[in-house]
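>
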Amino acid sequence: MLLPETKEREYRFKLALRMGLPIFALIIAFISHTLINSYETLQVTFYFESILLLAFSIYFIFYIIYSGFDVKITDEVTKTFTREYLYKYLTKKLNKEKEYSLVLVSVCNLNDINATYGIKNGDKVLRRVASWIGDYLKERDIQSFPMGHIKGGDFILGLKGNREIYKTTLELMVLKSEDFKVDDIEVQISATVTDKIFSNELDYMIENLFQLQEENRSKKLSSKEDEINPNELDSLVISAIKQRSFSISTQSIFEGNKSTFNECFIKLKTQEGKMLYPKRYMKVINRLGLTADFDLMIIEKSVIKCNPFGNEIFAISISPTSLRNAAFLVKLKEFLNSNQGIKNRIMFILCEVEYYSHIERYNNTLKSLRDMGVLIAIDRVGAIHTSFLYLRDLNIDVVRFDSYYTKDIKNRNIIDGFNLMAHQKGVKTWIKMIENEDVKKFAQEIGIDYLQGKYISPLKTEESR
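Residue numbering for the sequence shown follows the working numbering, starting at 201 and increasing by one per position.
1) Thinking C-beta only, is Tyr-604 closer than 9 Å to Ala-583?
2) By Cβ distance below 8 Å, which residues in the same chain neighbour Asn-416 in space, the five residues on each side in sequence not counted?
3) If contacts are defined as beta-carbon pairs under 8 Å, then Phe-535 and Ile-513 qualify, I think. What distance do you get, rounded to the angstrom?
4) Starting from Gly-348, trace the beta strand (DSSP E) both ways and give me its first and last residue.
5) With a floor of 3 residues, list each beta strand (DSSP E) that falls wholly inside the segment 460 to 539, ordered by position along the chain.
6) Would you mind sorting Phe-494 into buried or exposed? The rule is 16 or more other CB atoms within 10 Å of its CB.
7) Can you tell me the Cα-Cα spacing of Asn-666 and Leu-375, whole angstroms?
8) Provide the residue(s) that pair with Met-547 in DSSP beta bridges, ordered along the chain.
9) Run the CB neighbour count on His-558, radius 10 Å, all protein chains shown included, and call it buried at 16 or more, exposed below.
10) Which value, in whole angstroms, describes the spacing of the CA atoms of Met-652 and Val-387?
11) State buried or exposed for His-349, treating a residue as buried only when at least 16 other CB atoms are found within 10 Å of its CB.
12) If you draw a straight line from the C-alpha of Tyr-366 to the C-alpha of Leu-594, how long is it?
13) Is there contact between the segment 400 to 414 and the segment 285 to 294, where contact requires at least three CB pairs shorter than 8 Å?
14) Going by Cα to Cα distance, which pick from Phe-355, Asn-314, Arg-570, Asp-323 is closest to Ser-306?
15) Taking the Cβ atom as the reference point for each residue, do Phe-618 and Leu-589 lie within a distance shorter than 9 Å?
16) Suppose contacts are defined by Cβ-Cβ distances below 9 Å. Is Leu-304 in contact with Phe-410 by that definition?
17) Counting C-beta neighbours from all protein chains within 10 Å, is the total for Ser-422 16 or more, i.e. buried, or is it exposed?
18) Assuming contact is defined by CB atoms lying nearer than 9 Å, are Lys-467 and Ser-439 in contact in what I supplied?
19) Just checking my contact of Met-547 with Leu-569 at CB under 8 Å: how many whole Å lie between their CB atoms?
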C-alpha cells in the first residue's frame with residue numbers, strides 16, 4: 201500500500217473516532233445511569249440491546265465516514281464536478297435526453313502559466329475560468345448545466361439540445377475570452393462542441409471533442425471519414441487488422457535525377473472496400489493497445505508486397521514506442537535475420553511529440569537496428585521540438601523537414617540552417633510535398649538531398665488484398 205493510501209486510512213479512522221466519541225459517551229452514560237437506578241428491575245434483554253446499540257453505533261459512524269470519502273462530487277481546485285461524478289452524470293443524461301451536446305473548453309496555455317507564475321496561480325486561473333464560463337452562459341440564459349474538470353486545463357460541459365444551437369454562442373465566448381485575464385495573467389481559451397448525432401457513447405464523444413480541438417488548432421477541416429460512427433470504426437479497424445487487409449501506395453523519392461527509395465503509405469481496407477486512412481485508424485489502434493502488433497504486421501507485409509525484387513529502399517512510418525517495446529524488438533530482429541535479402545533496404549520513419557528521456561538506451565536500440573541494415577529517419581524537423589532534439593541527440597541517417605517549409609519558401613534561412621546542421625552531423629536531409637518548380641529549385645539550391653512530391657513523382661498504388 202502506498203504512503204498516501206496509508207495516511208488516508210489513518211485520517212479517516214481518527215476522524216471517525218473523533219465523531220464517534222460523543223455518541224459513545226452518551227450511550228455509555230445512558231446505560232450506566234439506567235444500571236445504577238434500575239439494575240434490580242432490568243431484564244436480561246436490556247444488556248443484549250445495549251451491546252447491540254453500541255455495536256451498531258460504531259459500525260454506522262465508521263460506515264458514514266468511509267463511504268463519505270469515496271463519494272466526491274466537486275473538484276477541490278475548480279469547484280466543478282470531479283471527472284468520475286461528471287461521467288456518471290453525463291451517462292445518465294445521454295441515455296435520458298433525445299438531443300444532448302458536450303462542450304470542451306480548454307485553457308490552452310495552462311502549462312505556460314504553471315511554469316511562469318507557479319502552480320497556485322495556475323489553480324487560481326482554473327477556478328476563475330470555470331466561474332467565468334458559468335457567468336457567461338448564465339447571461340445567455342443557459343443555466344443549471346453540469347460542468348466538470350477532467351484533466352489539466354480541460355473542462356467538459358453538458359448542454360441540452362444539438363450542437364447547432366450552441367456553435368455561435370461558443371464562438372462568441374472564445375472571441376470575448378481574448379481580453380480575459382486573471383491578475384494580469386493572459387489566458388487563452390478554446391472551445392469545441394459535439395452531440396449525440398456523432399455518437400451516444402460518452403467516451404467516443406469526449407474523444408471526438410479532443411480530435412476537433414486538435415483540428416481547430418491546426419486549422420484543418422474534417423474529412424468525410426470523420427463522420428464514421430466510432431463504434432463502427434473500432435469494428436472496422438479490428439476486422440481489417442485480423443484479416444491483414446490493407447492497401448499500400450508508394451511514392452518515389454529522388455536524389456538528384458535518380459529515384460533512390462520509396463515511401464510506403466498504408467490504408468486499411470474494410471470488407472466493403474472502404475479505405476481507412478492513418479489519421480483515423482491510428483487513434484483506434486493506439487487506444488486498443490495494438491500499436492506494436494500493427495507495426496510488425498505492416499513491416500512484414502509491406503516489405504514482401506512492395507519489394508519482392510530489386511534494390512530500392514522502402515521507407516515505412518512506425519511508432520517509436522514499438523521500437524522501445526522489448527517483445528516487438530525481438531520479433532523484428534528475428535524477421536530481419538530471416539530475410540537477409542532486405543538488409544539495407546528498409547527505412548523506419550519515426551515521429552513523436554514527447555521527448556524520450558532515456559536517450560542513451562534509445563540510441564543503443566537504434567544502433568542495433570542500424571547494424572542490421574535498417575536506416576532511421578526522423579520526421580517533422582522544424583515543426584516539433586522533439587524532432588529537433590532527436591536530430592541533436594540520436595545517431596540517425598535521415599531527417600525529413602516539415603511540409604510547412606514547402607508551403608512557404610520564404611523561410612529559406614530557417615530550413616537552410618537546419619539543412620546545414622544535419623549535414624554537419626553526417627545526416628541526409630529530405631523534403632516532401634514538392635508541388636511546383638519553384639519549390640523544387642529552392643530545395644536543390646540549398647542542397648537538400650532527397651526530394652519528394654507529386655510534381656516529381658505521383659503516388660502508385662500496389663496490389664491490395
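The C-beta atom is built at its ideal place from N, Cα and C for all residues, glycine as well. Small disclaimer: the values here were computed from a predicted structure and weren't measured.
Working from what's here:
1) yes
2) Ser-390, Thr-392
3) Not a contact, Cβ separation roughly 17 Å.
4) 347 to 351
5) 513 to 517
6) buried
7) The displayed coordinates of the chain run from 201 to 665. Any statement about residue 666 would go beyond what the structure contains.
8) Ala-515, Leu-575
9) exposed
10) According to the sequence provided, residue 652 is Gln. The question's Met does not apply to it. Between Gln-652 and Val-387, the C-alpha separation is close to 40 Å.
11) buried
12) 48 Å
13) yes
14) Phe-355
15) no
16) yes
17) Note that Ser-422 scores a pLDDT of 43, beneath 50, so its modelled location is shaky and nothing firm can be said.
18) no
19) Between Leu-569 and Met-547 the Cβ distance is about 11 Å, and since that is not below 8 Å, they are no contact.
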